[in-house]
Structures are given as C-alpha cells and as structure tokens.
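Listed in order, the protein sequences are those of chains A and B. Residues 0 to 278 in numbering that gives the first Met the number 0 are what the first sequence spells out, letter by letter. Residues 0 to 496 in numbering that gives the first Met the number 0 are what the second sequence spells out, letter by letter. Glycine included, C-beta positions come from ideal geometry on N, C-alpha and C. Model, not experiment: these values are computed from the prediction.
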Amino acid sequence: MIAPGRVVAAADLLIGGFLLATAALFAIAGPLAWPADPMAGSLLATLKAPGSAAVGAVHPLGTDQIGRDLLARIVRGTQISLAIVLVAGVLGAVLGTLLGLVAGYAGGVADAVIMRLVDIQLAIPFILLILLVMAVVGPGIVNLVVVLGVTGWAVYARTARARVLELREQEFVEAARAIGVSLPRMLGRHLLPNIMAPQIVLLTLDFPRLIVLEASVGFLGLGVQPPTPTLGNLIGDGRAFLLVAPWLVLYPGLVIAALVVGFNLLGDGLVRRMDARAR
Amino acid sequence: MRLVPSLVTGMLAALLLAGGARAGELVIGRAASVGAMDPGFLREPATVVDNVFDTLVMRDAAMKLVPGLATAWKAIDDTTWEFTLRPDVTFHNGEKFTADAVKFSLERVLDPAAKSPTISYIRTIAGVDVVDPLTVRVRTNGPDPLLPTRMSRYPAYIVPPGYVKQVGPEQFARKPVGTGPYVVGEFVPDDHVTMKANAAYWRGKPAIDTVIWRAIPDATARVTALMTGEVGLIEAVPVELGKTLDDNPETSLLRVKNGGLIIYLGLKSGEKPLDDARVRQALSLAIDRKTIVAEVLRNNASLTGTQVGVFDFGYKDEPVPAYDPAKAKALLAEAGYPNGLSIKMQVPRRYINSADVGQVIAQEFAAIGVKAELEVPDWPVYAQMVPAGKQAPIYMLAWGSTQTLDADAAIYPIFRSGEPYSTYSNPEMDKLLDESRRTIDPAARAAVLARAQDLAATQVPALTLYQEDTLYGKRKSVEFKGRADARIPVFDIRIGN
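This is how it looks when you write it as structure tokens:
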C-alpha cells in the first residue's frame, strides 16, 4: 500500500507529466487529426465563433480575423513554440554548463572573465537585446532561438560552477588529476556526469520562463513573422479583437497555461525527488 | 460609510458628464499634445493653432480655396502672385493686419538662420513685396502654380510683427497672438490649451465661448473620456473601438471618407523581377481589393485606382484595379516566370489592420505562384529603412497630399525618380511630373497630372490599395462633420442640446 504522502509527492510529477504529454500529443498528432491549413483561410469566413461552420468547413475553435482556422493555427503554433523553447533551452543549458565547468575547474583568469560575463549578461534587459538584434539582423525564427538561448546561459553557468568548486576538492578528482587526465576528459567524464541531474532540473524549470518569454516577444510582434503562428503571435494578433472575438486569445492562452503549469509541476517534482534522494 | 465614496464618485461623474460639451464650452481630446504654438515653426500638425491664426487663402468644407485674409489673388506673370488683403482686420492684441504682417510672417520662416522645420512648404518663394498696405506681391523662383495652396496652410499663417518683435520667438510660441477666431488663454505645454472666443473676429463671433484641447495619448482612455462625457470630441479613434462609440446612446462615430492616407505597396522597380511592368501588373491583378476592404478593414477605407485623393487638385477617377488571378498567372508566364517566383515583402503594423492585410495579400500572391516572404518590421526601424532604400522589394507605405490637397504632393515624392521615397524611375513619368510643376494654367496642369495618373495605372509603379477613412468620436450634441484635411475648425462647430 502506498502511503498518502507518497501519492501527494508524486501528484505534481503525474499532473505535470500528464499536461505536457497532452500538449505534446496535441502538437504532434494534431495535424493528422485536423488537416485544415493554418496559413491560409477564406476572407468570407472571418471571426467565426467556435463550432460554427462557414464556407463548407467546420471550425471547432472558430476562425481568426482573416478567416483562418484557429484550431489548426493553435496546433501549428504549439509545435513552433515548443520547438523554439526546447532548442533555445538546450542551447542555453549546454553553453552555460560548459562555461560553468571551465570557470569552476580552471579558476583564476578564466573564472573571473566568465563570471563577469555572467554579470553583464544578467544586467542587459532581454527586451532591449531582442529589439537590437531584430533591428540589426531582422526578425526570424533562427535569430529568436539564438537570442533566447544565448541569453539563458548565465544561470546554468553559475550553478555548474558552484557544484564544480565543490567537486574539485574531492578525492576522485584529485586522483584523476594525479594520473594525468586531460582537461576535456576531466570535464566531460568526471565532472559533467556529477552535475547533470541538477542542470536538467534547472532546464525543466527554465522552460516555463522561455515559453512566457517567447509569448511576450511574439505579442510584441518581434519574433516569428506572420503568417507563421506561435502561441505568442496568436495572442498578440488576437488582442485587437478581444471584445468581438475572445476565443482568439482564450484558447492559445489555455495552451500556454497548460505548458507553463506542466513544466513547473514536473520541475518541482524532480527537485523534490532529488532532495529526497540526497537525504 | 461605504456609501460616501460612491456618492462622491457619482457627483463627480455628473459634473464630468456636464463638462465635455456644455453649451458654450467644448473639450477636445487629441492623441498628440501641443508642445509649442508658433505656426511658422511647428513640429506637429497645425490642428490647434489653426484656430488661433488665419491664412491669406482658406479652404471651405468642400476643400475649395476661398478668400481668407486675402479677398482676391491673381498671377500677374509667371513668377508673381498678387494678393489683395482684407481691410479692418486686427490681431488679438489690437495690432492692425496689413501687408507688412504678410511680408514679416513669410520672411521669418524663409530666413535660413531660423531653421524652420516646415520651410520646404514655401521654399519656392523668392521674395515678398509690399505694394501698399492692402496689396502684397509674392515672387517665386520659377512658375509655381501651387502658391495659393501654399498660402492656405502652415507655415503661412499670418503673425503680428509688432508683438513677435516685442516678446521674441520663445514667448510668442508660448503665448501666441493671431487674427483667428480663438484667443489663447492658458497653455500648459504637453498637457492642455484653453482658448476663448475672439468677439471681434472678422467672420463674426464664434458660437462656442471656450475650447479646451487636451492630450490623451492612449486610445482606449480617449474613447472612455468621450463616453463618460469628460470630452466632447476626440480624434483618432481606433477601428476596433468604433463600434463601441456607435453602440453608446450618448456618443457617435464620425467617419470621414477619404480623410486618411492612401495605402500602397511600393515596388522596387529598379531590380529584377519588378523591373518588368508585366510582373507588376500581375501582382496588382492578384489582389482582391474589394474583399480586403470589406472583410479585413471592415469598410473603414475606400477603394481607389490612383495615389491622388478625391479632394486633391488634379484627381483623375481611375478605375479600381481589377482582380483577375488567371490573367495574372498568364502575365507572369509571359514575363518569363511560368513557375512563379519568390520575393520579400515588408508590411509594418502601422495602418488599419495592416499586418492582416499583408498576410492576406501574401496568400493571394501565393495563389498566382508568387511566394512572398512576409516580414512585419518594427515601425521606428522601418521608417528609417524606407527613405534609405533598405526596405524589401515589396513594401507597404501610406502617402497623401495632406493639407496641400494637390496631386503634386501625392505622387511627385513617390513616383519621381531620385526622390527619397521613390523606388520608381521612368523618364516619361519624370517629364510629366516636372511639367506639372512648371504649368500655371490650372486646366492645363490638371491635364498633365491626369496623364501622369494614366501612366501610373498602366505601368503600375506601386500597387495602390485603398484610402483609409479617418475616425472621430463625438458626443451626440456636438455638431461636427469632419474634414478631409483633418482640421478641426471650432468656428464651424455648434453644440446642440
């Protein structure tokens, strides 16, 4: 028999996992189940309410201001937003972890330089940076991923460095150093495996931030360019029609909420698991 | 105890309700604030100062040139215009209006050292000669058929020489004195301007005693202020909020047809593939303008076939470009693109639902095989890219003749080769546009301008889409019709019951 406490402890993992699995299923299987074109619609069917039929097609979630099927757009938007967030998150995590490893293990000048870079990175407002990048190189999905990823590395670098400082003094590291292990091998084979778990938890908890960030960038119209939908673009474009067509904002908003809550619960659950194991 | 605050709010609301359009007082809410009020050196539209100053020539509600401070004017040779001035007109401070005031008003703007931001509007003037106190001659650098029009708008407002010399330009911009229907009372820069009726006005005492111009930059706040009655008239109502005003029993939406700018897609015709007129024609045929105006702009625009506005001098009623995707495909094939082509397109989020219009047009281009890669640029960046020629080969812009109401201002800057906003180069077009600038006789000039518009209709230097409406909101009791030149002459407004 499972103790009631165990169920509660596992509940966040279960609910979080369920929400994310549903969202992933929605994004992956959505286009198969609902083949409507997310990029084109009919001007004869603009702003139709959810469930209405127009120009020979049923629109379960209604249509937008230029007659595109909202369900199809949310499916595509979820795919693109998730892809952006996953790639950007991993990019930031890899970059940050690598730099944190180097800073923590090498110490000295490398440490000082990398940690000052962290300070600088944290001091630059994200919106300013994205405005600058979009003005100079133009908006686009690749640029957005790079900016989101590159601006997220600082936290990973700090945690990785802190952990490495601790590990550096341990016997197995000293032993490895004594037998003349090369630096890449030291970092990759001896230190990295020992800091992976917390970094992954951190990444899980960083996804909600990235989802909201992508949504705000899309809302400002600086991210992925129309007609390609992302969850943020959908809300940004729908905002003008909030009074006449609330579904344009409501449904993409629900998906964002599900993703953010899902990732947060999953992350919290993982943290608790780790704490329990550490004890 | 909780009753008290709500009582107070109720009383406040009642007070405010009475405030916006009480008999004799009108509060006008504008998106932009007034920073300075010297009409020769404005960096903002002249909407407010227009009520304080007069011009030699004025425009009536039908946008016809009518006598203002000048009772008559004529060209005495190719480069000289003579104006006969109205007698017995005085400035608000008692100073007499004479030919000297006209000379002073124009010369201080023309003075290069003064660096007037609006000097370009009267740069053709070579000199001003006083013939007698009620006759003045304006000499121009070359033939300038537009001179009377130039005398009808800023910076050609007439200012009192004695007062300006006495207080200096800075004080004048804060406490201006003109001949107009309203006298400036309190002026708090970037906040509000209060004006009182000029009882001695030469057209008669204005019906409304007090006008307050308030700056309310946020559109929703502006609409709310109108609905609560805090203001009686507002400018720049966003399309989405128009219906809210129409549904409210106390307010109404005022739609001025042909009041806005003409939206077009500029085409970089100097480079492939847009250097081929057939490609440009094909793109034009691909766009279903009628449905776009009806469905995406919800009829807040008028279809047009020319970049010249209906009220502009020289307007030719060109047919609205046809929608014929089949013919467009055939033209593309004929031009050597049977499999279509790929091209970049920039559409800023600046005009009425413009990003949506851009997406619809990209879809319609796709239907004839033109893959348009759409970008919605940030306006401040885009606004710098366009005059520098750094925009995409297809780019959305809006243009209009604004207060000159003349075809020249509407098409010369965007179709004459070498102009910063022009991406078209055609010697035939250049010849016509230059000729229109030299022709004094109005009928001959209109004919030249009509030929330029015919040429544009066939050669398609840009894809003319539609002309936006301008939207005002007003309390039902305020009698205001709105003007195509976007002025708000309070002298012509009445407040009913």
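**Study point:** Ser115/B (DSSP reduced to helix, strand or coil)
**Key:** It is coil, neither helix nor strand.
Check your understanding: Exposed or buried, Gly184/B, counting other C-beta atoms within 10 Å across all chains shown (16 or more means buried)?
Key -> Counting C-beta atoms within 10 angstroms of its own C-beta, Gly184/B has fewer than 16 neighbours from the protein chains shown and is therefore classed as exposed.
Practice item. Report yes or no: do three or more beta-carbon pairs, one from the segment 178–189 of chain A and one from the segment 118–134 of chain A, lie closer than 8 angstroms? Key: no
Check your understanding: So which residues of chain B does Phe240/A contact, with C-beta pairs closer than 9 angstroms?
Key -> Glu239
Point to revise | Contact under 9 angstroms by Cβ, Tyr162/B with Leu296/B | key: no
Check your understanding: Within this structure, are the beta carbons of Gln306/B and Ala446/B separated by less than 9 angstroms?
Key -> No. Outside cutoff.
Point to revise | Neighbour-count burial assignment, Ser400/B, 16 or more Cβ in a 10 Å radius | key: Counting of Cβ neighbours within 10 angstroms places Ser400/B among the buried residues, the total reaching 16 or more.
Check your understanding: Apart from the five residues on each side of it in sequence, which residues of its chain come closer than 6 angstroms, Cβ to Cβ, to Lys95/B?
Key -> Thr89
Exercise for review: Using a Cβ-Cβ cut-off of 9 angstroms, state whether Ile194/A counts as contacting chain B.
Suggested key: At a cut-off of 9 angstroms between beta carbons, Ile194/A makes no contact with chain B.
Review point. Between Leu265/A and chain B, is there a C-beta pair that is closer than 9 angstroms?
Key: no
Point to revise | Within 8 angstroms of chain B by C-beta, residues of the segment 57–91 of chain A in sequence order | key: Gln64, Ile65, Gly66
Practice item. From the DSSP output, in three-state form, read off Gln345/B for me. Key: Strand at Gln345/B.
Check your understanding: If we ignore side chains and look at the alpha-carbon of each, how far apart do Gly39/B and Val385/B end up?
Key -> 28 angstroms
Point to revise | Gly105/A to Ile113/A span [Cα, whole Å] | key: The residue you asked about is not Gly; residue 105/A is Ala in the sequence shown. Approximately 11 angstroms between the Cα atoms of the pair.
Practice item. Would you grab the beta carbon distance between Ala159/A and Val117/A for me? Rounded to a whole angstrom, and I think it's under 8 angstroms. Key: About 11 angstroms separates the two Cβ atoms, so there is no contact after all.
Check your understanding: Going along the chain, which residues of its own chain have a beta-carbon closer than 7 angstroms to the beta-carbon of Gly266/A, five neighbours each way excluded?
Key -> Val200, Thr203, Leu204
Practice item. Quick one: grab the DSSP three-state call for Ser283/B. Key: helix
Review point. Measuring CA to CA, which of Lys326/B, Val230/B, Leu273/B is closest to Ile211/B?
Key: Closest in C-alpha terms to Ile211/B, from the list Lys326/B, Val230/B, Leu273/B, comes Val230/B.
Exercise for review: With 8 angstroms as the limit, tell me which residues of the segment 366–400 of chain B have their beta carbon closer than that to any beta carbon of chain A; keep them in chain order.
Suggested key: Leu373, Glu374, Val375, Pro376, Asp377, Val380
Check your understanding: Quick one: what's got a C-beta closer than 6 angstroms to Leu225/B's C-beta in the same chain, skipping five residues either side?
Key -> Ile233, Thr250, Gly472
Point to revise | Bridge-paired residues (DSSP) for Glu24/B | key: Thr209/B
Exercise for review: Using a Cβ cut-off of 9 angstroms (strictly closer), state whether Leu127/A contacts chain B.
Suggested key: Cβ-Cβ to chain B under 9 angstroms: no for Leu127/A.
Exercise for review: Rank Ala35/A, Ala52/A, Pro37/A by C-alpha distance to the C-alpha of Leu43/A and give the top, closest one.
Suggested key: For the residues Ala35/A, Ala52/A, Pro37/A, the minimum Cα distance to Leu43/A belongs to Ala52/A.
Practice item. Within 10 angstroms of the Cβ of Ser497/B, are there 16 or more other Cβ atoms? Answer buried if so, exposed if not. Key: There is no way to answer for residue 497/B, as the model of chain B reaches only from 0 to 496.
Point to revise | Exposure label - Ala366/B; buried when at least 16 CB within 10 Å | key: exposed
Review point. Opposite Tyr505/B in the DSSP bridges: which residues?
Key: The structure shown does not extend to residue 505/B, since chain B is modelled only from 0 to 496, so the question has no answer here.
Check your understanding: With burial defined as no fewer than 16 other Cβ atoms inside 10 Å of the residue's Cβ, what is the status of Gly141/B: buried or exposed?
Key -> exposed
**Study point:** Met226/B - DSSP class collapsed to helix/strand/coil
**Key:** helix
Exercise for review: Please name the residues in the segment 29–60 of chain A whose beta-carbon is closer than 7 angstroms to at least one beta-carbon of chain B, in chain order.
Suggested key: Ala39, Leu42, Thr45
Check your understanding: For Tyr350/B, which of helix, strand or coil comes out of DSSP?
Key -> coil
Exercise for review: For the alpha helix (DSSP H) holding Asp246/B, just list the boundary residues, first then last.
Suggested key: 238–246
Practice item. Starting from the Cα of Met344/B, find the closest Cα among Pro392/B, Ser268/B, Arg173/B and give me that residue. Key: Pro392/B
Practice item. Determine the chain B residues that contact Ala134/A at a beta-carbon separation under 8 angstroms, and present them in chain order. Key: Asp377, Val380
**Study point:** For Thr45/A, three-class secondary structure by DSSP
**Key:** coil
Exercise for review: Can you grab the Cα-Cα spacing for the pair Val346/B / Met395/B, in whole Å?
Suggested key: 5 angstroms
Practice item. Identify the contact partners of Leu221/A in chain B, using a Cβ-Cβ distance below 7 angstroms as the criterion. Key: Asp377
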